[in-house]
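S.K.: Starting off with a structure, shown below.
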Amino acid sequence: GENVEQHPSTLSVQEGDSAVIKCTYSDSASNYFPWYKQELGKRPQLIIDIRSNVGEKKDQRIAVTLNKTAKHFSLHITETQPEDSAVYFCAASSVDTGRRALTFGSGTRLQVQP
Amino acid sequence: GAVVSQHPSRVICKSGTSVKIECRSLDFQATTMFWYRQFPKKSLMLMATSNEGSKATYEQGVEKDKFLINHASLTLSTLTVTSAHPEDSSFYICSARARDILAKNIQYFGAGTRLSVL
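If you read the protein sequences in the order shown, they are chains A and B. For what it's worth, the working numbering labels the leading residue of the first sequence as 4, then goes sequentially. For what it's worth, the working numbering labels the leading residue of the second sequence as 1454, then goes sequentially.
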């Protein structure tokens, strides 16, 4: 089955700096890669996603890159703000056939220092 | 965005009792719902996949007789923890996959249920 690894487990940055979180996946059939943000005690919220037919997607301060050959994808947050502090999860699944359930990475706790 | 309602948000029960958790998609039809378990400061672990009108598909190691899943309609799935024990204490969270024309696999999450078994 699919295995998603995520690094780092914790990340502390100064306000205004950039943050990068990296994930790798094992199943070449996976073609949908969402990123979720989970604040303490809250539900995971989808912040950005990418399909395997594109290599990069950007939404304001957030961007995701995908290297399908190497089977890794990354989340980039620029100009970080204290409200970006949360746990971020990457995930992988197949849209078409195969495993549609999301396989999550282990999570990255991001702390933005004011 | 789509809204998924999960109830109850918190439940405390005695060992041996059963607890039912509901997951509803409020403004969309969910062809598939998923049930996850999350331990403190850990990731979400898929327990089972619930398809409307058919039996749930359980992940390896998840006891189907202990965690009963019913997906009676396109907007409702329930998880019943039967004969709960303290080791079943956890945060249970559902998600619903929207049937949409963009062919994505977007899943919207419920707010979760914190179960404490005494």
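In this text, a Cβ means the ideal position worked out from N, Cα and C, and glycines have one as well. Here the structure is a predicted model, which means the values were calculated and not measured.
(1) If distances are taken between C-alpha atoms only, which option among B:Ser1496, B:Val1457, B:Pro1493 comes closest to serine 1478 of chain B?
(2) Report yes or no: is there a C-beta of chain A within less than 8 Å of the C-beta of isoleucine 1554 of chain B?
(3) Check the Cβ-Cβ distances between alanine 104 of chain A and every residue of chain B, and say whether any is below 8 Å.
(4) Taking only the alpha-carbon atoms, compute the straight-line gap between histidine 10 of chain A and threonine 1484 of chain B and give it to the nearest angstrom.
(5) Would you list, in chain order, the members of the stretch 1489 to 1517 of chain B that have their beta-carbon closer than 7 Å to a beta-carbon of chain A?
(6) Rounded to whole angstroms, what is the Cα-Cα separation between isoleucine 24 of chain A and proline 1539 of chain B?
(7) Kindly list the residues whose CB is nearer than 8 Å to the CB of leucine 1499 of chain B, restricted to its own chain and excluding five residues on each side of it in sequence; keep chain order.
(8) Isoleucine 1554 of chain B by DSSP, collapsed to three states: which one?
(9) Near glutamine 116 of chain A, what residues of its chain come up, given a Cβ to Cβ distance below 6 Å and the 5 sequence neighbours on each side ignored?
(10) Along the chain, where does the beta strand (DSSP E) containing phenylalanine 1487 of chain B start, and where does it finish?
(11) With H, G and I counted as helix, E and B as strand and the rest as coil, what does DSSP make of aspartate 1480 of chain B?
(12) Rounded to whole angstroms, what is the Cα-Cα separation between serine 1507 of chain B and glutamine 1482 of chain B?
(13) Decide if the stretch 85 to 92 of chain A is in contact with the stretch 1516 to 1533 of chain B; the criterion is three or more beta carbon pairs, one per stretch, under 8 Å apart.
(14) Shorter than 8 Å from the beta carbon of isoleucine 1546 of chain B to some beta carbon of chain A?
M.R.: Taking the coordinates as given:
(1) B:Val1457
(2) Since pLDDT at isoleucine 1554 of chain B reaches only 49, below the 50 mark, its modelled position is unreliable, and the value read off the structure follows with that caveat. It does not; no Cβ of chain A falls within 8 Å.
(3) yes
(4) 32 Å
(5) Ser1496, Leu1497, Leu1499, Thr1502
(6) 35 Å
(7) Phe1487, Trp1488, Tyr1489, Glu1512
(8) Annotation note: pLDDT 49 at isoleucine 1554 of chain B (below 50); position unreliable, coordinate value reported separately. Three-state result, isoleucine 1554 of chain B: coil.
(9) Gln17
(10) 1483 to 1491
(11) coil
(12) 16 Å
(13) no
(14) yes
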